[in-house]
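A short write-up of the structure that comes next.
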Amino acid sequence: MSYKLFIPGPVAVSEKTLRAMAQPMIGHRSTDFVALYNSLQPGLQAIAGTADPVYLSTSSAWGVMEGSIRNVVKKKVLACMNGAFSDKWLDVAQRCGKPAGALKFEWGQPVDPAAVRRELATGAYDALTLIHNETSCGCMSDLAAIMAVVREFPDVIAIVDTVSSLSALPIPKDELGIDVLVSGSQKAFALPPGMSFLSVSKRALARAATVADRGYYFDFLEFQKNHELGMTPSTPIIPLIYALKSKLEDIAAEGLPARFARHARLNQTVRHWGTAKGFKLFPKEGYGSVTLNCFANTLGYDLPALNKILKTKHSLVIDGGYGKLKGKTFRISNMGDETAASIASLLQSLDAALAETPKLPA
Ligand SMILES: *Cc1c(COP(=O)(O)O)cnc(C)c1O
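For the sequence shown, our numbering gives the first residue as 19, with consecutive numbering after it.
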């Protein structure tokens with residue numbers, strides 16, 4: 019059976035993108051590959067607001083998230099935590115054997131720049147991890163305000179996860195002073211899963227050069243060395259690179275400002291629908307994500323029942339809550355290729371499905 023995903027990743031992939039993957043393989047050391055790889059750089063750099071290269075990693079985002087820790091942390095990393103992915107990043111740092119401190123906020127609360135300043139002022143840290151858009155609870159922190167604080171501390175390398183936000187709103191990496199920017203294919207880019215993006219500043223490359231145990235597969239220096247040849251360190255996921263080429267053409271045709279405006283508009287359409295129904299937005303007011311809406315299940319619907327109706331009668335799925343928020347919240351993605359028509363159709367299906375969804379006993 020086929021149904022459309024409105025979960026916040028992986029998201030629906032267009033027919034055009036799917037078809038782009040079905041092309042003959044080329045050798046990853048061939049001149050054809052070099053031409054393909056180099057042709058992607060200007061588009062990726064424009065999206066990430068950077069003059070630095072954007073490396074392609076054949077891994078999901080966690081690969082480069084872990085790799086970033088291994089490349090730049092020498093003293094101690096400060097993990098800014100306000101949801102499932104950022105909480106996990108602390109654990110990942112510890113599993114890499116790196117000293118790590120936790121700066122915790124409730125899920126759905128944004129990372130507080132003043133708290134970041136207080137922690138970094140201890141002088142204990144030489145790196146920081148931050149998730150721009152906490153997909154698990156639909157909370158988007160104020161990246162510019164946090165980066166302004168981080169840049170008061172020249173020794174701190176900022177590793178920023180933009181997995182579910184890059185390409186949906188402006189993220190000017192160089193202007194904000196982000197050292198390591200990480201993103202993934204299956205969220206706002208609306209590509210299939212399996213590839214991640216990594217853009218590393220010269221400062222962060224210099225730090226990596228002084229770290230002995232950074233490994234091989236995610237070694238920043240290997241990425242840079244191969245990038246200079248128009249290649250990836252090892253055999254990449256070539257079908258996804260074809261898909262990326264097709265997607266960057268779509269993005270160029272739409273134009274970045276129009277793409278950003280479309281995400282903002284469709285996000286508001288879903289938010290207004292939800293609040294008009296009587297659901298409360300889960301994240302703190304003013305910090306709702308622009309790529310998804312995470313609503314508190316304030317009306318007490320049986321969310322698994324809702325999704326069953328959506329899937330069987332309307333051929334679509336939303337998300338019924340991540341981790342400890344399962345059943346307590348639901349999430350609707352508007353990232354990628356959604357249009358006014360596709361969102362209107364989704365909301366119509368949701369109205370119909372909610373009308374026959376049972377409520378849980380209070
Ligand atoms: C989805 C997601 C990840 C994890 O990505 P994988 O591709 O599953 O490794 C990390 N961070 C954020 C913010 C995400 O939304």
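For every residue, glycine included, the Cβ atom is placed at its ideal position computed from N, Cα and C.
The structure presented is a predicted model; accordingly, all values stated were derived computationally and were not measured.
* Do three or more CB pairs link the region 113 to 127 to the region 299 to 315 at distances below 8 Å? -> yes
* Asked: Does the count of Cβ pairs from the region 198 to 210 and the region 178 to 187 closer than 8 Å reach three?
  -> yes
* Within this structure, are the beta carbons of lysine 220 and tyrosine 143 separated by less than 9 Å? -> Residue numbering aside, residue 220 sits at position 202 when the sequence shown is read from its first letter. Residue numbering aside, residue 143 sits at position 125 when the sequence shown is read from its first letter. No, the Cβ-Cβ distance between lysine 220 and tyrosine 143 is not below 9 Å.
* Grouping DSSP H, G and I as helix and E and B as strand, with all else coil, what is alanine 227? -> Here residue 227 corresponds to residue number 209 of the sequence shown, with the count starting at 1. Coil, per DSSP.
* **Per-residue burial, glycine 61 [other beta carbons within 10 Å of its own, 16 or more giving buried]** => Against the sequence shown, residue 61 aligns to sequence position 43. Glycine 61 is buried by the Cβ-count criterion.
* To do: Report yes or no: do three or more beta-carbon pairs, one from the region 277 to 292 and one from the region 301 to 319, lie closer than 8 Å?
  => The region 277 to 292 vs the region 301 to 319: in contact.
* Heavy atom of ligand 1 within 8 Å of proline 26 beta-carbon -> The residue labelled residue 26 in the question sits at position 8 within the sequence shown. Under cutoff, so the answer is yes.
* Three-state secondary structure (DSSP) at methionine 99? -> Your numbering for residue 99 matches position 81 in the sequence shown. Here methionine 99 sits in strand by DSSP.
* **Those runs of the alpha helix (DSSP H) which lie wholly inside the region 48 to 126 and span at least 4 residues** => DSSP runs (the alpha helix (DSSP H)) wholly in the region 48 to 126: 49 to 66, 79 to 90 and 102 to 113.
* Asked: Does the separation of the CB atoms of phenylalanine 236 and glutamate 84 fall below 9 Å?
  -> By one-based count along the sequence shown, residue 236 stands at place 218. By one-based count along the sequence shown, residue 84 stands at place 66. Going by C-beta atoms, phenylalanine 236 is nearer than 9 Å to glutamate 84.
* **Contact the region 164 to 178 vs the region 42 to 61: 3+ CB pairs below 8 Å** => In the pairwise beta carbon analysis, the region 164 to 178 is classified as not touching the region 42 to 61: fewer than three pairs are separated by under 8 Å.
* Under 8 Å by Cβ, that's how I've got alanine 102 and leucine 121 pegged, so tell me the actual separation to the nearest angstrom. => The residue labelled residue 102 in the question sits at position 84 within the sequence shown. The residue labelled residue 121 in the question sits at position 103 within the sequence shown. No, alanine 102 and leucine 121 are not in contact; Cβ-Cβ is about 16 Å, not under 8 Å.
* With DSSP as the reference, label phenylalanine 278 as helix, strand or coil. => Against the sequence shown, residue 278 aligns to sequence position 260. Note: phenylalanine 278 maps to helix in three-state DSSP.
* How would you call proline 254, buried or exposed, if buried means at least 16 neighbouring beta carbons within 10 angstroms? -> Mapped onto the sequence shown, residue 254 falls at position 236. Looking at its Cβ environment, which holds 16 or more other Cβ atoms inside 10 Å, proline 254 is buried.
* **Contacts around asparagine 315, its chain only, beta-carbon distance under 8 Å, and the 5 residues preceding and following it disregarded** => Counted from its first residue, the sequence shown places residue 315 at position 297. Phe297, Leu321, Gly339, Gly345, Lys346, Thr347 and Phe348.
* Is glutamate 267 helix, strand or coil by DSSP? -> As a first step, residue 267 is located in the sequence shown; it is residue number 249 there, counting from the start. Reduced to three states, the DSSP call for glutamate 267 is helix.
* To do: Check whether the Cβ of glutamine 127 lies closer than 8 Å to any heavy atom of ligand 1, and answer yes or no.
  => Mapped onto the sequence shown, residue 127 falls at position 109. No; taking the cut-off as 8 Å, the Cβ of glutamine 127 has no heavy atom of ligand 1 nearer than that.
* Asked: When the distance is taken between beta carbons, is lysine 22 closer than 9 Å to leucine 334?
  -> Your numbering for residue 334 matches position 316 in the sequence shown. Your numbering for residue 22 matches position 4 in the sequence shown. It is a contact, given that the beta carbons lie within the stated cut-off.
* For alanine 111, count neighbouring C-beta atoms within 10 Å of its own C-beta (all shown protein chains included) and say buried if the count is 16 or more, exposed if not. => Translated into positions along the sequence shown, residue 111 becomes position 93. It is buried - the Cβ of alanine 111 has at least 16 other Cβ atoms within 10 Å.
* Residue from Cys114, Val82 and Ala208 whose Cα sits closest to the Cα of valine 95 -> As a first step, residue 95 must be located in the sequence shown, where it is residue number 77. Among Cys114, Val82 and Ala208, the Cα nearest to that of valine 95 is on Cys114.
* Asked: Which value, in whole angstroms, describes the spacing of the CA atoms of leucine 74 and valine 174?
  -> To locate residue 74, count along the sequence shown from 1; it is residue 56. To locate residue 174, count along the sequence shown from 1; it is residue 156. Whole-angstrom Cα-Cα distance: 24 Å.
* To do: Verify the contact flag: glutamate 152, CB atom, against every heavy atom of ligand 1, threshold strictly below 8 Å.
  => Taking the first residue of the sequence shown as position 1, residue 152 is located at position 134. Within the cutoff, so yes.
* Rounded straight-line distance, which links the Cα of cysteine 312 to that of proline 379 -> Position 361 of the sequence shown, counted from the first residue, corresponds to residue 379. Position 294 of the sequence shown, counted from the first residue, corresponds to residue 312. Between proline 379 and cysteine 312, the C-alpha separation is close to 22 Å.
* Helix, strand or coil for arginine 349, going by three-state DSSP, please let me know. => Here residue 349 refers to the residue found at position 331 when the sequence shown is read from its first residue. Correct three-state label for arginine 349: strand.
* Asked: Cβ of isoleucine 65 within 8 Å of any heavy atom in ligand 1?
  -> As a first step, residue 65 is located in the sequence shown; it is residue number 47 there, counting from the start. Flag unset: Cβ of isoleucine 65 not near ligand 1.
* **CA-to-CA distance, glutamate 33 to cysteine 155, given in whole angstroms** => Here residue 155 refers to the residue found at position 137 of the sequence shown. Here residue 33 refers to the residue found at position 15 of the sequence shown. Each residue's alpha carbon lies about 30 Å from the other.
* **Supposed contact pair valine 72 and serine 217 - C-beta distance, whole angstroms, cut 8 Å** => By one-based count along the sequence shown, residue 217 stands at place 199. By one-based count along the sequence shown, residue 72 stands at place 54. Yes, serine 217 and valine 72 are in contact; Cβ-Cβ is about 5 Å, under 8 Å.
* Taking just the CA atoms, how far does methionine 99 sit from serine 367? -> Within the sequence shown, numbered from 1, the residue matching residue 367 stands at position 349. Within the sequence shown, numbered from 1, the residue matching residue 99 stands at position 81. Answer to the nearest angstrom: the Cα atoms are 35 Å apart.
* Please state if the CB of valine 31 and the CB of proline 210 are separated by a distance shorter than 9 Å. => Locating residue 210 in the sequence shown gives position 192, where the first residue counts as 1. Locating residue 31 in the sequence shown gives position 13, where the first residue counts as 1. Cβ atoms of proline 210 and valine 31: closer than 9 Å.
* Asked: Does the Cβ-Cβ distance between serine 360 and aspartate 337 come in under 9 Å?
  -> Within the sequence shown, residue 360 is the residue found at index 342, counting from 1. Within the sequence shown, residue 337 is the residue found at index 319, counting from 1. No; because the gap between Cβ atoms is not below 9 Å, this pair is not in contact.
* To do: Consider the C-beta atom of proline 254 and the heavy atoms of ligand 1; say whether any pair is separated by less than 8 Å.
  => Against the sequence shown, residue 254 aligns to sequence position 236. Incorrect: proline 254 has no Cβ contact closer than 8 Å to ligand 1.
* To do: Decide if tyrosine 260 is buried, meaning its Cβ has at least 16 other Cβ atoms within 10 Å, or exposed.
  => Locating residue 260 in the sequence shown gives position 242, where the first residue counts as 1. Burial call: buried.
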